[in-house]
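>
There are 2 protein chains.
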Amino acid sequence: MAKPGFLVVISGPSGGGKGTVMRRVREMMPEIALSVSATTRPPREGEEDGREYYFMDRDAFEEMVAREEMLEYTCYCGNYYGTPKREARRILESGKNLILEIEVEGNAQIKRLYPDAVSIMLMPPTIEEMRQRLLGRGTESLETVEKRLARAREEIRLAPGYDYIVVNRRDEIEACARHICEIIRAESARACRMTDEIEAFFI
Amino acid sequence: MAKPGFLVVISGPSGGGKGTVMRRVREMMPEIALSVSATTRPPREGEEDGREYYFMDRDAFEEMVAREEMLEYTCYCGNYYGTPKREARRILESGKNLILEIEVEGNAQIKRLYPDAVSIMLMPPTIEEMRQRLLGRGTESLETVEKRLARAREEIRLAPGYDYIVVNRRDEIEACARHICEIIRAESARACRMTDEIEAFFI
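These protein sequences, in sequence, are chains W and H.
Taking the working numbering, I'd label the letters of the first sequence as residues 1 to 203.
Taking the working numbering, I'd label the letters of the second sequence as residues 204 to 406.
(1) At a threshold of 6 Å, does W:GLN132 count as lining the ligand GTP (C-beta to nearest heavy atom)?
(2) Please state whether the Cβ-Cβ distance between H:TYR365 and W:ALA200 is less than 7 Å.
(3) Quick one: any contact between the region 2-17 of chain W and the region 89-103 of chain W, if contact means 3 or more CB pairs under 8 Å?
(4) Give the straight-line distance between the Cα atoms of H:TYR276 and H:TYR256, rounded to the nearest whole angstrom.
(5) Does the beta carbon of W:GLU103 come closer than 7 Å to any beta carbon on chain H?
(6) Please state the DSSP three-state secondary structure of W:LEU92.
(7) For H:VAL307, count neighbouring Cβ atoms within 10 angstroms of its own Cβ and tell me buried if that reaches 16, exposed if not.
(8) Suppose you measure from the CA of H:ALA353 to the CA of H:ARG227; what does that come to, to the nearest Å?
(9) For chain W, is any of its Cβ atoms less than 7 Å away from the one on H:VAL228?
(10) How would you write the range of the alpha helix (DSSP H) that H:LEU361 sits in, first residue to last?
(11) Helix, strand or coil for W:ILE173? Go by DSSP, reduced to three states.
(12) Whether or not the region 261-273 of chain H and the region 281-297 of chain H are in contact is what I'm after, with contact meaning three or more pairs of Cβ atoms, one per stretch, closer than 8 Å; do they touch?
(13) Give the residues from the region 124-139 of chain W that approach chain H closer than 8 Å (Cβ to any Cβ), ordered along the chain.
(14) Skipping 5 residues on each side, what residues in its chain have a beta carbon closer than 6 Å to that of H:MET267?
(15) Check the DSSP bridge columns for W:THR139 and list the partner residues they point to.
(16) Determine whether the beta carbon atoms of W:ALA189 and H:ALA389 lie at a separation below 7 Å.
(17) Assign H:GLU255 to one of three DSSP states: helix, strand, or coil.
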């Protein structure tokens, strides 16, 4: 059996630049796997079942939740999105590391199931910089911005429950993505993940 | 007060290429501090007290050990070598990280005093490769080589007590040193070391 991979959880307030950083991390570390999520949202044109998402109806999704077959899930704009445990297990058993981008609250849920998951919170340096970023986009009302900031405040209070904190400073996407890659490579060298190498010494 | 630094412990069987890797790590990461050790060995020409070593007599050294003023110490060729706690504390309080190269057995001793020290064991991939390396030097008798291998076997059994294991494959000094630097940078982002950054978000 291949040495199993480990789970990397990336989270953080939205508006923290998570999406951009994640894209760079995947480019820098193409060997890391992403899981295909399940969703109740209808497929868009060109989307294929099992490639972009596993498309399923609400009943089927809720049944999986009830059977505890979801590693984590969330409801967004009236649709469910979740990571099937089966999918995560298949990837980890194949020896690949798996990266999951989840809501901040989902970390505790995942840590219960995978105590050796590596969790990284990506946070903006200050609430003020986050406000400027959100206002700068010009796509959201002042009220929405304040709501998101209030939510970020709650989320950052959960930061000490994460293993690592990476501060995403303006214009430092590259440095930020590199730092996340370093954390993942460092975690690969944890003594508890090196039992094969320790054994190999004696052969 | 500056954010305190943390202690990085590097260890591993001798003949594992530790010295060469350490030199590269220090070149790649000049901001990390080395502590000046204390020794009972007489100063060599050009050596200065407080620069290469703190030179002291046997009584003074043993008194420091008795007063528990040494972070760790060892006896080599009839002379004591040790790290004064005072010296380590001064560096860490100044906000610098401190790297210590110690004997494998010293790790447990240091973990008791500094539970958040980061320990890295540098090990050769196999006992056979280690044998070839030692024989290749041509400076040691077959008997000495076998003694060192026997000792290495005992030392590698202590590997699971380290935080990280880095395998030093032949001709991979650079990769090895880079990996150690990555571990140190990753450890700087541990949530427990980021409390200042978490607080700063709310200001």
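Even glycine gets a Cβ: it sits at the ideal position worked out from N, Cα and C.
Well, looking at it:
(1) Of the ligands one can find in the structure shown there are none, so the ligand GTP has no counterpart to examine.
(2) Position 162 of the second sequence holds residue 365 of chain H. Position 200 of the first sequence holds residue 200 of chain W. Not in contact: H:TYR365 and W:ALA200 (Cβ atoms no closer than 7 Å).
(3) yes
(4) What you label residue 276 of chain H is simply residue 73 of the second sequence in a count that begins at 1. What you label residue 256 of chain H is simply residue 53 of the second sequence in a count that begins at 1. Roughly 13 Å between the two C-alpha positions.
(5) In the first sequence, counting from the first residue as 1, residue 103 of chain W sits at position 103. No, because no Cβ of chain H sits closer than 7 Å to the Cβ of W:GLU103.
(6) Taking the first residue of the first sequence as 1, we reach residue 92 of chain W at position 92. In this structure, W:LEU92 counts as helix in the three-state DSSP scheme.
(7) Walking along the second sequence from the start, residue 307 of chain H turns up at place 104. By the 10 Å Cβ count, H:VAL307 comes out buried.
(8) Along the second sequence, one-based indexing puts residue 353 of chain H at 150. Along the second sequence, one-based indexing puts residue 227 of chain H at 24. Near 28 Å, if we compare the C-alpha coordinates of H:ARG227 and H:ALA353.
(9) Reading the second sequence from its first residue, position 25 is the one you call residue 228 of chain H. Output row for H:VAL228: interface = no.
(10) Counting from one through the second sequence, the residue named residue 361 of chain H turns up at place 158. Note, H:LEU361: premise wrong, no alpha helix (DSSP H); not H, not E.
(11) Here the question's residue 173 of chain W lines up with position 173 in the first sequence. DSSP places W:ILE173 in helix when its eight states are reduced to three.
(12) yes
(13) PRO124, PRO125, THR126 and ILE127
(14) The sequence position of residue 267 of chain H within the second sequence is 64, counting from 1. For H:MET267, where only same-chain residues beyond five positions count, the Cβ hits under 6 Å are MET273.
(15) Numbered from 1 along the first sequence, position 139 holds the residue referred to as residue 139 of chain W. W:THR139 pairs with nothing; no bridge assigned.
(16) Locating residue 189 of chain W in the first sequence gives position 189, where the first residue counts as 1. Locating residue 389 of chain H in the second sequence gives position 186, where the first residue counts as 1. Not closer than 7 Å, so no.
(17) Position 52 of the second sequence holds residue 255 of chain H. Three-state DSSP puts H:GLU255 in coil, outside helix and strand.
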